[in-house]
Structure formats: C-alpha cells, structure tokens
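Student: Counting in the numbering used here, the sequence shown runs from 549 upward without gaps.
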Amino acid sequence: MKTIYLLLLSILSGILLSISWPANGFTPLIFIALVPLFFIQQYVGDNNKKGMFWYSWLTFLIWNVLTTWWIWNSTPGGAMTAFTLNSLFTAVVFQLY
C-alpha cells in the first residue's frame with residue numbers, strides 16, 4: 549500500500565471521528581470511525597514498517613481541530629497548543645495499544 553493511501557485512510561478516520569461526535573454529528577458512526585486507522589495499524593504491523601505514531605497523530609489532530617475549533621476564538625496560540633498536545637497524548641495512548 550502506498551503512503552498516500554495510508555495518509556488518506558488516516559484523514560478519513562479523523563473526519564469520521566469528527567462527524568460522529570455527539571454534539572453535531574451522527575453518533576452511531578463512532579463505532580466504525582477508527583476502522584481505517586486499524587487498517588493502517590494492520591498494514592504497518594504486517595510489513596514491519598514504522599510510522600504508525602504519525603498516522604494516528606494525524607487522525608487525532610484532524611479530529612481535535614474539527615471538534616474543538618471554538619478554542620481558536622479565545623487565543624489562536626492556545627488553540628494550536630491544545631490541538632497539538634491533545635492529539636499527541638491521544639496518539640501516544642493509541643501507540644501503546
């Protein structure tokens with residue numbers, strides 16, 4: 549699988565997570581939102597490749613930006629820090645999985 553497909557799966561997973569968030573989305577979608585990320589994990593694990601952390605970080609960054617965009621209204625620097633660190637923490641937990 550090419551890197552572009554892995555990136556697209558990662559982006560798809562982030563968008564599906566955002567769409568399924570309860571405040572503004574279709575909540576049952578949350579049950580399949582991580583499936584593209586699990587496909588990436590399977591491929592990376594089977595082919596002894598590295599980089600799963602970055603794919604999961606991209607997924608969770610997209611999810612954080614699309615669901616907590618309103619933090620930007622407070623301070624842009626604080627929002628960027630919150631987006632980055634929250635995505636980092638979530639990606640670390642996913643990496644431990």
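Note that the Cβ used here is the ideal one computed from N, Cα and C, for glycine as well.
Could you give the uninterrupted runs of the alpha helix (DSSP H) lying entirely in the segment 577 to 627, keeping only those of 4 residues or more?
Tutor: 583 to 594 and 600 to 615
Student: Pick from T616, F586 and N596: whose alpha carbon is nearest that of F642?
Tutor: Within the sequence shown, the letter at position 94 stands for residue 642. Answer by Cα proximity: F586.
Student: For T575, count the other beta carbons within 10 Å of its own beta carbon; 16 or more makes it buried, fewer makes it exposed. Which is it?
Tutor: Your numbering for residue 575 matches position 27 in the sequence shown. So T575 counts as exposed.
Student: Might you give, ordered along the chain, the residues of its own chain that have their beta carbon closer than 6 Å to the beta carbon of F631, omitting 5 neighbours on each side?
Tutor: By one-based count along the sequence shown, residue 631 stands at place 83. Closer than 6 Å at the Cβ level, and outside the excluded window around F631, lie N612 and V613.
Student: For the alpha helix (DSSP H) containing T551, list its first residue and its last residue.
Tutor: If you number the sequence shown from 1, residue 551 lands on position 3. It spans T551 to I567 - the alpha helix (DSSP H) in which T551 sits, taken as one unbroken run.
Student: DSSP state of A639, grouped into three classes?
Tutor: Within the sequence shown, numbered from 1, the residue matching residue 639 stands at position 91. DSSP places A639 in helix when its eight states are reduced to three.
Student: Hey, does P576 have any beta-carbon neighbour from chain C nearer than 7 Å?
Tutor: The question asks about chain C, but that chain is absent: this structure has only one protein chain.
Student: Between F601, T607, I619 and S622, which has its C-alpha nearest L644's C-alpha?
Tutor: Against the sequence shown, residue 644 aligns to sequence position 96. Closest by alpha carbon: F601.
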